[in-house]
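**Q** There's a structure below that I have some questions on.
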């Protein structure tokens with residue numbers, strides 16, 4: 028009895044396993060068929076049209092048509108990238124160079140043509156469109172072919188052979204002439220084998236075609252470098268812009284704030300000098316004013332410094348700076364820090380201002396009562412997770428805050444992930460690559 | 019009264035020396051960096067130390083660190099910390115040992131010499147003096163946690179003034195009530211914060227601590 032029980036226990040997951048594999052095989056067969064159809068219809072047609080357009084460049088018509096054709100090629104390639112990227116779970120990046128701003132007239136047309144023709148990725152797209160119908164025919168299409176052939180065998184076994192024979196034909200199923208019940212049954216058995224083979228190898232065969240697609244449609248080393256250079260150029264110009272804005276803001280704050288107050292103080296002191304003998308009472312009033320104004324100037328300078336580089340951050344590093352920040356806010360904030368050393372100062376600063384912005388968002392927009400901040404440094408990556416119990420629904424689209432954070436940490440190749448369903452909670456995760464600098468010098 | 023002074027800016031240091039000497043303090047050491055501050059504090063055992071948070075050689079919170087370390091070696095050593103900015107975090111660290119005799123003020127408060135000298139004296143006498151800005155940022159944070167939420171608004175007001183280091187008489191004058199009324203409020207505060215009867219000064223420190231630890 029107990030043996031039986033064990034048997035069912037082990038058999039059950041096995042059948043579930045087989046069913047799951049068969050389902051996967053079926054999905055792969057369907058996808059492979061779709062990829063094959065896409066390649067042989069839209070792909071080949073677009074290939075022919077584009078080659079024709081290129082051939083017509085000499086006549087001038089091609090120059091007019093090529094930009095459109097090139098866009099269509101890109102769109103189809105992008106669609107394929109998206110599809111196969113999703114199927115295989117690893118997205119395929121776009122390898123193209125950015126499109127130049129179109130100039131008017133024929134010169135613009137020619138410029139767009141040049142842009143299309145000199146981009147190697149465009150030629151690789153065309154190569155894929157030309158070769159993939161063949162490659163897919165021997166890979167991605169096979170599972171679907173096996174399965175449909177197998178199903179046909181089963182239909183023959185189910186009685187389809189009779190009308191065919193009556194109509195005067197002899198149906199050859201693979202190597203079997205189906206002429207009577209016995210051969211029909213054999214055809215059915217062979218059909219089952221075909222279906223099994225198709226289901227069993229579905230994922231593998233589709234995978235092969237996806238591999239081939241990736242080989243041609245994904246950026247090669249050269250394009251990869253070009254993409255990297257483009258990314259660096261963008262983030263650098265962002266960084267320069269941010270810095271320039273920051274300097275302008277500081278200049279303005281100093282000009283309107285502390286500097287103006289010092290001027291006023293100097294004038295008051297001059298007036299006091301005159302008044303000292305004639306009207307000591309008035310002089311005393313002015314003195315009080317001057318002192319007030321110096322206190323205000325100091326307060327403004329303090330706020331300004333806090334905005335540039337918070338003193339606690341300079342003194343103690345990211346961990347204590349975030350703790351100090353948490354103390355100043357009206358929400359209940361739990362701070363969890365696991366940082367062994369001081370980090371690079373620029374990364375510390377970027378992370379600090381990101382957390383500060385996130386906390387401001389939480390208190391202003393989400394109505395959060397509690398916030399959890401988790402900061403870790405592992406494998407040369409700084410992880411920051413800020414969770415709040417607010418109303419959720421945050422998105423980079425409805426405010427400049429999150430975008431600003433993305434830009435700020437983009438300079439360090441940092442990324443931001445946002446998870447904020449309607450109704451909350453909101454979870455923001457930041458990852459910043461950074462090596463920790465030397466251990467802190469001051470003991471605490 | 020013997021004072022150790024730590025301030026790295028020469029102008030400010032000289033100014034403080036002059037100010038304190040004018041009010042009959044004896045400056046036993048005026049130092050300009052963290053390590054010599056620690057030595058001076060431990061060797062001189064002054065009646066009160068006036069310390070700038072940011073000191074060389076690291077130009078971080080070296081003054082605060084030296085003061086905290088000296089207080090670990092000499093418990094209850096009176097220290098008044100001065101800074102260009104105030105942080106609740108640092109205020110908590112100063113108060114954490116619960117023995118009082120600490121002050122934490124913005125440097126701006128030096129402008130009002132009478133008030134400043136008064137603060138130095140109160141710290142030397144074992145009192146607790148917190149800058150009004152620490153208090154106002156606490157209030158801006160809003161009431162968050164037990165047991166301070168049990169206090170009435172008036173009691174909170176009294177507690178805030180207590181945290182600034184004011185005596186009952188001074189609080190009474192500020193709130194325009196009788197000293198007896200203030201004494202009643204403080205007694206209520208101690209009860210609500212579960213502070214058992216002991217030496218009054220120490221209870222005041224603990225009340226402030228509860229207030230800051232919200």
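Residue numbers (my numbering), protein chains in the order written: chain A, 28 to 471; chain B, 19 to 232.
For every residue, glycine included, the Cβ atom is placed at its ideal position computed from N, Cα and C.
Please report how far the alpha carbon of residue 55 of chain B lies from the alpha carbon of residue 92 of chain B, in whole angstroms.
**A** So the alpha carbons of these two residues sit roughly 14 Å apart.
**Q** I need the boundaries of the beta strand (DSSP E) containing residue 409 of chain A, first residue and last residue.
**A** Run containing residue 409 of chain A: 408-415, per the beta strand (DSSP E) assignment.
**Q** Starting from residue 142 of chain A, follow its DSSP beta bridges and name the residues at the other end.
**A** Answer is none; residue 142 of chain A lacks a bridge partner.
**Q** Mapping DSSP to helix, strand and coil, what is residue 122 of chain B?
**A** Residue 122 of chain B: strand per DSSP, three-state reduction.
**Q** Can you list the residues of chain A that residue 103 of chain B reaches, using a CB-CB cut of under 8 Å?
**A** The contacting residues are 329, 332, 333, 338.
**Q** Out of A:86, A:174, A:77, point me to the one whose CA is closest to residue 54 of chain A's CA.
**A** Per the Cα distances, A:174.
**Q** Would you list the residues sitting across from residue 193 of chain B in a DSSP beta bridge?
**A** Paired residues: none, contrary to the question.
**Q** Can you tell me the Cα-Cα spacing of residue 267 of chain A and residue 274 of chain A, whole angstroms?
**A** So the two alpha carbons sit approximately 11 Å from each other.
**Q** Rounded to a whole number of angstroms, what is the C-alpha to C-alpha distance between residue 31 of chain B and residue 192 of chain B?
**A** In a straight line, the C-alpha of residue 31 of chain B is about 32 Å away from that of residue 192 of chain B.
**Q** For residue 430 of chain A, decide whether its Cβ has a neighbour in chain B, counting only Cβ atoms nearer than 8 Å.
**A** For residue 430 of chain A, the answer is no, since every Cβ of chain B falls outside 8 Å of its Cβ.
**Q** How would you write the range of the beta strand (DSSP E) that residue 446 of chain A sits in, first residue to last?
**A** Unbroken beta strand (DSSP E) run through residue 446 of chain A: 442-446.
**Q** Would the beta-carbon of residue 450 of chain A fall within 8 Å of that of residue 416 of chain A?
**A** No; because the gap between Cβ atoms is not below 8 Å, this pair is not in contact.
**Q** Nearest chain A C-beta to residue 78 of chain B closer than 8 Å, yes or no?
**A** It does: the Cβ of residue 78 of chain B has a partner Cβ on chain A nearer than 8 Å.
**Q** Between the stretch 119-133 of chain B and chain A, which residues of the former have CB atoms less than 9 Å from a CB of the latter, in chain order?
**A** Listed by position along the chain: 124, 125, 126, 129, 130.
**Q** Let me see if you follow: with CB-CB separation under 8 Å, is residue 343 of chain A close to chain B or not?
**A** It does; some Cβ of chain B falls within 8 Å.
**Q** Let me know if residue 162 of chain A comes out buried or exposed under the rule of 16 or more other beta-carbons within 10 Å of its beta-carbon.
**A** That one is buried.
**Q** For residue 374 of chain A, I'd like the list of residues in its chain whose CB is within less than 7 Å of its CB, leaving aside the five on either flank, ordered along the chain.
**A** Only 409, 439, 459, 461 meet the Cβ criterion.
**Q** Apply the 10 Å Cβ neighbour rule to residue 263 of chain A and answer buried if 16 or more other Cβ atoms are within range, or exposed otherwise.
**A** Classification of residue 263 of chain A: exposed, given that the 10 Å Cβ count is below 16.
**Q** So that I know if they touch, is there some Cβ in chain B lying closer than 8 Å to that of residue 266 of chain A?
**A** Closer than 8 Å: no.
**Q** Of all Cβ atoms in chain B, is any one closer than 8 Å to the Cβ of residue 57 of chain A?
**A** Not closer than 8 Å to any Cβ of chain B, the Cβ of residue 57 of chain A fails to qualify, so no.
**Q** Would you give the residue range spanned by the beta strand (DSSP E) that residue 20 of chain B belongs to?
**A** That run of the beta strand (DSSP E) goes 20-24.
**Q** Terminal residues of the continuous alpha helix (DSSP H) containing residue 330 of chain A?
**A** Looking at the DSSP string, the run of the alpha helix (DSSP H) that includes residue 330 of chain A is 307-335.
**Q** Counting only runs of 4+ residues fully inside the stretch 201-272 of chain A, write out the alpha helix (DSSP H) ranges in chain order.
**A** DSSP runs (the alpha helix (DSSP H)) wholly in the stretch 201-272 of chain A: 208-244.
**Q** Leaving aside the five residues before and after residue 206 of chain B along the sequence, list all residues of the same chain whose C-beta is less than 7 Å from its C-beta, in chain order.
**A** Cβ neighbours of residue 206 of chain B beyond the five flanking positions: 173.
**Q** Closer than 8 Å by C-beta to residue 153 of chain A: which residues in its own chain qualify, once you throw out the five before and the five after it? Chain order, please.
**A** The residues are 74, 77, 78, 100.
**Q** Under DSSP, the beta strand (DSSP E) around residue 365 of chain A begins and ends at which residues?
**A** 359-365 is the extent of the beta strand (DSSP E) around residue 365 of chain A.
**Q** For residue 113 of chain A, which of helix, strand or coil comes out of DSSP?
**A** Residue 113 of chain A falls in the helix class under three-state DSSP.
**Q** Please state whether DSSP places residue 125 of chain A in a helix, a strand or coil.
**A** Residue 125 of chain A falls in the coil class under three-state DSSP.
**Q** Return the residue from the list A:226, A:456, A:105 that minimises the CA-CA distance to residue 58 of chain A.
**A** The residue with the shortest Cα to Cα distance from residue 58 of chain A is A:226.
**Q** Give me the Cα-Cα distance between residue 303 of chain A and residue 180 of chain B, rounded to the nearest whole angstrom.
**A** Rounded to the nearest angstrom, the two C-alpha atoms are 39 Å apart.
**Q** Run down chain A in chain order and give the residues with a C-beta less than 9 Å from the C-beta of residue 155 of chain B.
**A** Result: 354, 355.
**Q** CA-CA distance, residue 106 of chain A and residue 282 of chain A?
**A** Those two C-alpha atoms are separated by around 54 Å.
**Q** Whole-angstrom Cβ separation of residue 216 of chain A and residue 183 of chain A, contact assumed at under 8 Å?
**A** Not a contact, Cβ separation roughly 11 Å.
**Q** What does the alpha-carbon distance come out to for the pair residue 247 of chain A and residue 254 of chain A?
**A** Residue 247 of chain A and residue 254 of chain A: Cα-Cα distance of roughly 10 Å.
**Q** With 8 Å as the threshold, decide whether the Cβ of residue 369 of chain A is near any Cβ in chain B.
**A** Not an interface residue.
**Q** Counting along the chain, where does the alpha helix (DSSP H) carrying residue 373 of chain A start and finish?
**A** Its alpha helix (DSSP H) spans residues 372-388.
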